[in-house]
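Let me begin by presenting the structure, written as structure tokens, before commenting on it.
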Amino acid sequence: MTFKAGAMKTGVMRAAIEAAIVTMVLCAMLVPDGAHAIEVKKDLNVGGGASSGGPARMAPGPSMHNPLTPAQQKALQDAVANDSDPFLDQESDKKTSGQPYVDLEHAAFSYIPTRKGGQLNVVAKLTGSEYKLAKGGSGRGRATGSKKALIFNYKLDGTKFVASEPAKWEDVAAPAAATKKK
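Following the working numbering from start to finish, the sequence shown increments by one per residue and tops out at 548.
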């Protein structure tokens with residue numbers, strides 16, 4: 367049996383093309399859909415928004431626009447950092463004396479911006495778990511199971527955020543699933 371050179375080249379070429387198509391189809395099936403990355407990103411609660419330590423509850427539809435510019439976000443973080451220093455010292459003193467304390471060093475930061483009469487107001491929260499250090503112990507201690515939030519109320523004054531009322535502590539309600547387990 368004899369083959370013509372042109373027919374052999376066409377057959378080899380056809381097999382190579384079929385192999386390439388099969389490879390591309392398999393690769394397309396193995397690569398995750400790009401939409402999943404967007405969905406995961408929406409659940410991260412990056413930026414502002416209320417958070418109780420757990421995942422954020424998202425309303426259906428497009429995400430809301432953050433009215434704070436990056437410079438305003440930095441100014442807000444600076445204001446919270448400065449205003450939380452005395453509370454950080456208080457919680458550190460409680461830890462050293464063996465009293466239950468809130469771990470503000472590892473607290474979750476969240477904020478909710480609002481506009482009232484053209485004035486930008488922000489409620490900022492530092493939410494942390496409460497711990498109790500064992501006698502003579504070191505480290506973080508054992509969690510008491512409760513969470514507390516340190517609430518700051520600010521208004522924008524030029525380029526700075528100014529406290530509109532004194533900071534206050536608030537107990538954070540446990541999620542429904544954790545309450546049922548008890």
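Virtual Cβ for every residue (Gly too), placed ideally from N, Cα, C.
Q. What separation, rounded to the nearest whole angstrom, lies between the Cα atoms of G419 and V388?
A. Here residue 419 is taken as the residue at index 53 of the sequence shown, counted from 1. Here residue 388 is taken as the residue at index 22 of the sequence shown, counted from 1. With a pLDDT of only 42 at G419, under 50, the local geometry of the prediction cannot be trusted, and the value read off the model is given with reservation. Going from the Cα of G419 to the Cα of V388 covers about 47 Å.
Q) Excluding sequence positions up to five away, which residues of its chain have a Cβ less than 8 Å from the Cβ of E457? A) Indexing the sequence shown from 1 puts residue 457 at position 91. So the qualifying residues of the chain are Y467, V468, D469, L470.
Q) If you compare alpha carbons, which of L486, A515, K534 is closest to Q438? A) Taking the sequence shown and counting its residues from 1, one reaches residue 438 at position 72. Checking every option, the nearest Cα to that of Q438 belongs to L486.
Q: Go ahead and pull the three-state DSSP assignment for S463.
A: If you number the sequence shown from 1, residue 463 lands on position 97. It is coil, neither helix nor strand.
Q: Please report how far the alpha carbon of G507 lies from the alpha carbon of T435, in whole angstroms.
A: In the sequence shown, counting from the first residue as 1, residue 507 sits at position 141. In the sequence shown, counting from the first residue as 1, residue 435 sits at position 69. So the two alpha carbons sit approximately 38 Å from each other.
Q: Locate the beta strand (DSSP E) running through T525, then write down its first and last residues.
A: To locate residue 525, count along the sequence shown from 1; it is residue 159. Element bounds for T525: n/a, residue is neither H nor E.
Q) In or out: P479 buried (at least 16 other Cβ within 10 Å) or exposed? A) Position 113 of the sequence shown, counted from the start, is the residue given in the question as residue 479. Buried, since its Cβ has 16 or more Cβ neighbours within 10 Å.
Q) Which of the three DSSP states, helix, strand or coil, is assigned to P452? A) By one-based count along the sequence shown, residue 452 stands at place 86. Looking at P452 - three-state DSSP - the assignment turns out to be helix.
Q | Member of S530, A539, K491 whose CA lies at the smallest distance from the CA of A473 | A | On the sequence shown, position 107 is the one that residue 473 refers to. That would be K491, whose Cα lies nearest to the Cα of A473.
(Q) Just verifying my parser: in three-state terms, what is the DSSP assignment at G377? (A) If you number the sequence shown from 1, residue 377 lands on position 11. Of the three classes helix, strand and coil, the one that applies to G377 here is helix, per DSSP.
Q.
I need the boundaries of the beta strand (DSSP E) containing T480, first residue and last residue.
A. To locate residue 480, count along the sequence shown from 1; it is residue 114. Where T480 is concerned, the enclosing beta strand (DSSP E) stretches over 474 to 482.
Q) Helix or strand or just coil, what does DSSP make of A500? A) Along the sequence shown, read from residue 1 onward, the residue named residue 500 stands at position 134. In this structure, A500 counts as coil in the three-state DSSP scheme.
Q. Taking the alpha-carbon positions, what's the E496 to K460 distance?
A. Counting from 1 along the sequence shown, the entry for residue 496 is found at position 130. Counting from 1 along the sequence shown, the entry for residue 460 is found at position 94. Answer to the nearest angstrom: the Cα atoms are 11 Å apart.
Q: Give the DSSP-derived three-state secondary structure of A533 in the structure shown.
A: Taking the first residue of the sequence shown as 1, we reach residue 533 at position 167. In the structure shown, A533 sits in a strand (DSSP, three-state: E or B).
(Q) Within 10 Å of its beta-carbon, does S450 have 16 or more other beta-carbons around it, so buried, or fewer, so exposed? (A) On the sequence shown, residue 450 is found 84 positions in, with the first residue counted as 1. Classification of S450: buried, given that the 10 Å Cβ count is 16 or more.
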